[in-house]
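Worksheet: one structure, shown below.
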Amino acid sequence: MDSKLRTTVIFFAVLMVALVVGVVVMVDVSRRDNRSRKAADDGTDAGAVTAQESVQIVDHELVEKYHLNPARDPYSFLKDETFFVTEKAEDETEDIKSLSLLASSLQKDLRVFVVDGSGAVCKGQDFEVTVTSADNKDTRSLHDTDGDGILYADGLGAGVYEVSLSPIGDFTVPYEPLEVNISDQISYTQLSDISFLIHDESEVDAAKEDTAAKEAENEADGTETNVRLQDGVSIFGIDVSKWNKTIDWNKVKAAGVDFAIIRCGYRGSSGGYLIEDPYFEENIKNATAAGVRVGVYFFTQATTAAEGVEEASMVLSLCKDYALGYPMYIDTEGAGGRGRADSLGRQERTEAVKAFCETIENAGYTAGVYASKYWLLNNLDMEQLDGYSIWLAQYSSKATYDGAYDMWQYTSAGRVDGIDTLVDYDLSYVDFVSGKKTEQNEIEKQYNR
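Under this note's numbering, the sequence shown has 73 at position 92, and the numbering climbs by one with no breaks.
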């Protein structure tokens, strides 16, 4: 074949190949267009490839090399949502099994928290922690016998201590010990790890722990009135807790209530647990939304100044996201004779109450003390509590307490639209803004003087 003829044959052969490729491309484009139009009509994914079509685009060399079944969809594993999670789940398990230590000290004591990788206290294990002073003169072994992930030591001397966690099971424990500085002087500052100590009522026996006894009711003289007092100088309000159940705060506001002191929590009368009032979050959010100015109170069963700091730290932690228009009060009264703090002496009780108030004030809030007339006169040293807001509870037609006070709770038998239960009535003789006093009215101007 001469060169001219050969060139002509090659040209036509190349032309035929190009035509075949063009037809294949046009068919594929047409198929994709049809699929896109169909997807637009029925809402499916236009990029989806059916099992049958996937076979057509598989590299046949790969099918032969890896002995694949060309009748099966080689991409079906992508449809399995659990295909890639095995390694992640193992990592998460390793994180939880990795332990660390947190510790805090108030005064000659040490509280150690064993925390897992998720940031939660690790419970259900009998952890052993060794506490050693820097001079090696004091070494103690602490055991978490109740399995709550919290270990405690007291009676420590001032100085630096090393805290080490002993190996346990398949957990990963810290290699280096934790250094903690122990002071012999109490610091009235909020504890950063207080959240680990806060319980909700589902974790305790509330019937045994929430046993506050209203001292004002025991001291009532029979002249109490549940009529709203109007004296021209005071502001009308109420105080509430879980005992008042669900409240319609819009109705409460419309009924003329200007402020509410809401219980945020209490220390258990028996076990000493720090427990959040189950209605606190609901009450403070809804009261604020309705335009009712709010303050908070905490029922104490603290037996030491250190426990007073704990209680104040809990209050500060629970209230950090809310704007308060009234103080943070510590409610000091009995627990029916069965409370852990009922037998405290006057000085011990005053120290615990003062520790609460000092911690609140150091955090930038106004602190106050709620108590009955008898309690203020006999169970507290009021000279040591001078300067804090006093909320008097005296169920009488007139208050007869001679000391200074900012608020008076004068009945527990009030009625307010939006609350199905009886409710306490309060008068405030101070206008508070952001929890701070802005105007102090003379006691002589009060309705009852």
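All residues carry an ideal CB built from backbone N, CA and C; glycine is no exception.
Small disclaimer: the values here were computed from a predicted structure and weren't measured.
Asked                                                                                               : Found
Any 3 or more C-beta pairs closer than 8 Å across the stretch 357 to 366 and the stretch 176 to 187 : no
Rounded Cβ spacing between T192 and G276 (contact assumed at less than 8 Å)                         : Wrong, their Cβ atoms sit about 23 Å apart, outside the cutoff.
3 or more residues per run - each beta strand (DSSP E) lying fully within the stretch 238 to 318    : 240 to 248, 255 to 257, 274 to 280, 309 to 312
Unbroken beta strand (DSSP E) run spanning Y391, endpoints                                          : 388 to 395
Beta-carbon gap between A271 and K301 smaller than 8 Å                                              : no
Status (buried if at least 16 other CB within 10 Å, exposed otherwise) for V414                     : exposed
Backbone secondary structure at R321 - three-state DSSP                                             : coil
In DSSP terms, what D90 is bridged to                                                               : D135
DSSP-derived helix/strand/coil call for Y355                                                        : helix
DSSP state of F217 mapped onto helix, strand, coil                                                  : strand
Run of the beta strand (DSSP E) containing W372, from where it starts to where it stops             : 370 to 374
I400 in three-state terms, based on DSSP                                                            : coil
Straight-line Cα distance separating T392 from V296                                                 : 25 Å
Selection from R319, G345, G349 that minimises the alpha carbon distance to T331                    : G349
Cβ shell of T285 (< 7 Å), same chain only, five flanking positions each side left out               : A333
Coarse secondary structure for R121, derived from DSSP in three states                              : strand
Best match in G289, A268, R327, A322 for proximity to G306 [C-alpha to C-alpha]                     : A268
Bounding residues of the alpha helix (DSSP H) (the contiguous stretch that carries N343)            : 327 to 343
N360 in three-state terms, based on DSSP                                                            : coil
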